[in-house]
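**Student:** My questions all concern the structure below.
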Amino acid sequence: MQTSTVRPYAESDFAQLVELLRQRAPIPGQPRVSSEMVQAALNGTSPIDGGWWAELTNLRHLVVPDNGNLAGAVAVGTSKADGAGYLLWLAADDNEVVETLVDAAVSALEGTSVQRAFSFATALDEGLEGLPVRLRPVVHQALLSRGFAGEDMWVYMRRDLTATDSMLADDDLVAAFTVSDGEDPQSWRITADGGADEGVVVIGLLPSGTGIVEWLHVDDAHRGRGLGKAVLSVGLRHLVSLGATEAILYVDHDAPETERDRAAALALYEAAGFEVVDHLHSYERPGS
25 MQTSTVRPYA
35 ESDFAQLVEL
45 LRQRAPIPGQ
55 PRVSSEMVQA
65 ALNGTSPIDG
75 GWWAELTNLR
85 HLVVPDNGNL
95 AGAVAVGTSK
105 ADGAGYLLWL
115 AADDNEVVET
125 LVDAAVSALE
135 GTSVQRAFSF
145 ATALDEGLEG
155 LPVRLRPVVH
165 QALLSRGFAG
175 EDMWVYMRRD
185 LTATDSMLAD
195 DDLVAAFTVS
205 DGEDPQSWRI
215 TADGGADEGV
225 VVIGLLPSGT
235 GIVEWLHVDD
245 AHRGRGLGKA
255 VLSVGLRHLV
265 SLGATEAILY
275 VDHDAPETER
285 DRAAALALYE
295 AAGFEVVDHL
305 HSYERPGS
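Take a look at the structure:
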């Protein structure tokens, strides 16, 4: 394999790129990559964080060929707003190929004000706003060894949903909450009927059919009464009624020991059966 050979992506690479992405070790809670998802990524669009993608210019895709196949690929672009360079996604697991692609990305972004990696979600996933470091350790180490500083931004959690979840919240409890449409299509806002939003959960159904807990809040004056557990139970019950068989969520984790301490939220989700899949890191290094 000529890992030193990096060239621009060509349209004739499409089938091989789809296969490359499908062959990677799956990330729990994330859908199998489809041709439509790959085409959207190549077009520079994403259903999540689409505004960030709209601010990019000079979008480029580089690949490492391997005897008629692809050994790896990387996408880079530049922000129209501040001239920052972005490594957007990278598909490879072999150490040498990954290092070759990271070096190619750094070179392609030469002259940018700052270089960032894995800063927002792509069309290849459903909300992974960072690199899952445990599941993609080779990419993580390659970035660190080239001067990128990583920051732990999100805790990514997942759990199965079963018919049992439809019984977690009994009928009397369900009656104490109001379900209304959320701000986004395929999302719902569940609020305690007491008013003043003392207990709220926003849930959604992702394109793959996976449920997501988008946001949960309990007013300070009403904490310690089990309201968070109750509203989450009603939310999971609603997801089961919509046909979801698993649920995911993201807990912001970039300032865990400040006013944004998420220890209580993590404890709540773990008590409800969610397990940590990985920590999502974003990266930055000085421009060159």
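Under this note's numbering, read the sequence shown as residues 25 to 312, first letter to last.
We put the CB at the ideal spot given by N, CA and C, even for glycine.
Which residues share a DSSP beta bridge with G252?
**Tutor:** None, per the DSSP bridge assignment.
**Student:** Among the residues of its own chain, which have a CB less than 7 Å from the CB of E238, if the five just before and after it don't count?
**Tutor:** Correct list, in chain order: S211, V226, I227 and G228.
**Student:** Mapping the DSSP letters down to three states, classify S59 as helix, strand or coil.
**Tutor:** Reduced to three states, the DSSP call for S59 is helix.
**Student:** What is the DSSP secondary structure of R46, reduced to helix, strand or coil?
**Tutor:** Helix at R46.
**Student:** Across which residues does DSSP place V121 in a beta bridge pair?
**Tutor:** In the DSSP output, where bridge partners are listed per residue, V121 has none listed.
**Student:** State the Cα-Cα distance for the pair D73 and G101, rounded to the nearest angstrom.
**Tutor:** Spanning the two alpha carbons is a distance of roughly 15 Å.
**Student:** Going by DSSP, name the residue or residues bridged to A271.
**Tutor:** R183 and G235, per the DSSP bridge assignment.
**Student:** Check V163 in the structure and name its three-state DSSP category.
**Tutor:** Here V163 sits in helix by DSSP.
**Student:** In the structure shown, what three-state DSSP assignment does S312 receive?
**Tutor:** Reduced to three states, the DSSP call for S312 is coil.
**Student:** Got a sec, what are the start and stop residues for the alpha helix (DSSP H) Y33 sits in?
**Tutor:** No alpha helix (DSSP H) holds Y33; DSSP gives it neither H nor E.
**Student:** May I ask you to report which of helix, strand or coil DSSP gives R84?
**Tutor:** R84: strand per DSSP, three-state reduction.
**Student:** Given a cut-off of 8 Å on the beta-carbon distance, is the pair D302 and V157 in contact?
**Tutor:** Taking 8 Å as the Cβ cut-off, D302 and V157 qualify as a contacting pair.
**Student:** Can you grab the Cα-Cα spacing for the pair T146 / A187, in whole Å?
**Tutor:** Their backbone Cα atoms lie some 32 Å apart in a straight line.
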